[in-house]
Structures are given as structure tokens and as C-alpha cells.
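Q: Using this note's numbering, read the sequence shown as starting at 1 and increasing by one per residue.
Each residue gets a CB set at the ideal place from its N, CA and C atoms; glycine is no exception.
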Amino acid sequence: ASGWIRCKGCRAACGTLMDVYLVEGTRPQGPGYAPNTDNAYYCLCSEKDVKNCTMQSHPERQSLPFKLKLVNCASCGSDLGNVQDASLILNGEWQSRLGHMVMCFKCQNVLLELPHWSAELVEVKKWSILYAVLAEDCRLSIVTKQFLARQIQAPLNSHMAMNSGKGIRFVPARRSCA
């Protein structure tokens, strides 16, 4: 099992982790742009690898031309992210590997189901926190629960304090009925 990226709202599968990467890229000018730290972290896949989603032209495309499409969960309608122009956000070989249009998942609206571990899902507050744990661009299907569980309590790097379960945490795969 390669694992899944799932909608946080309804737990529908949106893509296989075999096709999903966590990468460092550049942040285009717009909301959240910080010229002194123009790096950004993306959980992304090729547009063609998105599953169980609907896409429409992005409503802010005139003011934010790098945002091409708005992507919603086909089951519950949650905003899962945007299809973006890879040439404006990615460096190196990523554009040739994934294509011109890439799906960028919003961390606050998706969960990760790691390979061989479906009892719990991984909730990530910011992609930069997970990137600090992994320390490099990677395919998310290689991440294991054992590795991540060890890293959650370890210092992430010289720029970040201990995670202490706040930035990355395990949540039940199924919602409890309350």
C-alpha cells in the first residue's frame, strides 16, 4: 500500500502518496509573500494524478495568475487547494517531472494516510514543519509511521523548536460519533 492524501472533511482519498511530493519551491508575489524569505513548501502532485476532486477556474486568477484552478473534494466540497503554474513555484527538475500544472494541497484541509498504517492519519499544521522533519524534497510514500513518530519529539532543526505534537500529530482515521 502506498498510502493516500485524504480530505480532512470527509476522509475521501484525493491522491496516492506514490504520486505526491513534499518540495521546497518559491513563493510567487501575492498574499503571504515575504521578500526576505521567498521559499515556500508545497505538498503537490501532477494535476492528472488528483482523484475524487472537482476543478474550476480559480476565482482570483486575475490578481494571482499562478493560481489556475480551484480544487474541491467531490464528496464534501472542501477546498483542497489549487492547481498552479509549476514554472512560477518550482525549481529544478520538478516541472519536467510533474508537468506545467501541479496540484498544491492545502495542509489545513488534508490528512496523510501513511503506507501500511491506516488506523491513524497524519495532520500537519504547516508543510514547512513536515519538510523540516524530512530534511529534503521527497515522495511522501517513503515516509513511515515509525520514522515520523520518532521525529515528532526530536528537535527539527536549528531554526525550529521541538514539535511536541503541535505541528504534526496523529489523528484517528475514523471520526468518532459524538
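Where does Asp49 fall in DSSP's three states?
A: Here residue 49 corresponds to residue number 49 of the sequence shown, with the count starting at 1. Helix at Asp49.
Q: In angstroms, rounded to a whole number, what distance separates the CA positions of Thr16 and Leu44?
A: For the purposes of this step, residue 16 is taken as the residue at position 16 of the sequence shown. For the purposes of this step, residue 44 is taken as the residue at position 44 of the sequence shown. Near 11 angstroms, if we compare the C-alpha coordinates of Leu44 and Thr16.
Q: Are the C-beta of Lys145 and some C-beta of chain C separated by less than 7 angstroms?
A: No chain C is part of this structure, which consists of one protein chain only.
Q: Ignoring anything shorter than 3 residues, give me the beta strand (DSSP E) runs that lie fully in the region 108 to 170, in order along the chain.
A: 110 to 113, 120 to 124, 155 to 157, 160 to 162, all fully within the region 108 to 170.
Q: So Phe66 and Leu90 are supposed to be a Cβ contact under 8 angstroms. How far apart are they, rounded?
A: As a working note, residue 66 is residue 66 in the sequence shown. As a working note, residue 90 is residue 90 in the sequence shown. Not quite, the Cβ-Cβ distance comes to about 11 angstroms (not below 8 angstroms), so this is no contact.
Q: Where does Ser46 land, buried or exposed, given buried means 16+ other C-beta within 10 angstroms?
A: The sequence position of residue 46 within the sequence shown is 46, counting from 1. Classification for Ser46: buried.
Q: Shortest alpha-carbon distance to Val23 belongs to which of Glu113, Arg174, Pro172, Val102?
A: To locate residue 23, count along the sequence shown from 1; it is residue 23. Val23 has its Cα closest to that of Val102, out of Glu113, Arg174, Pro172, Val102.
Q: At which residues does the alpha helix (DSSP H) containing Gln62 begin and terminate?
A: Your numbering for residue 62 matches position 62 in the sequence shown. Element bounds for Gln62: n/a, residue is neither H nor E.
Q: Along the beta strand (DSSP E) that carries Ala13, what are the first and last residues, could you check?
A: Counting from 1 along the sequence shown, the entry for residue 13 is found at position 13. Where Ala13 is concerned, the enclosing beta strand (DSSP E) stretches over 13 to 16.
Q: Determine the burial state of Cys14: buried for a count of at least 16 other Cβ atoms within 10 Å of its Cβ, exposed for fewer.
A: Your numbering for residue 14 matches position 14 in the sequence shown. The residue is buried, with at least 16 neighbouring Cβ atoms inside 10 Å.
Q: Rounded to a whole number of angstroms, what is the C-alpha to C-alpha distance between Glu120 and Ala132?
A: In the sequence shown, the residue the question calls residue 120 occupies position 120. In the sequence shown, the residue the question calls residue 132 occupies position 132. Taking the straight line from one Cα to the other gives about 21 angstroms.
Q: Please report the residue range of the beta strand (DSSP E) in which Arg97 lies.
A: Locating residue 97 in the sequence shown gives position 97, where the first residue counts as 1. Element bounds for Arg97: not the beta strand (DSSP E) but the alpha helix (DSSP H), 94 to 98.
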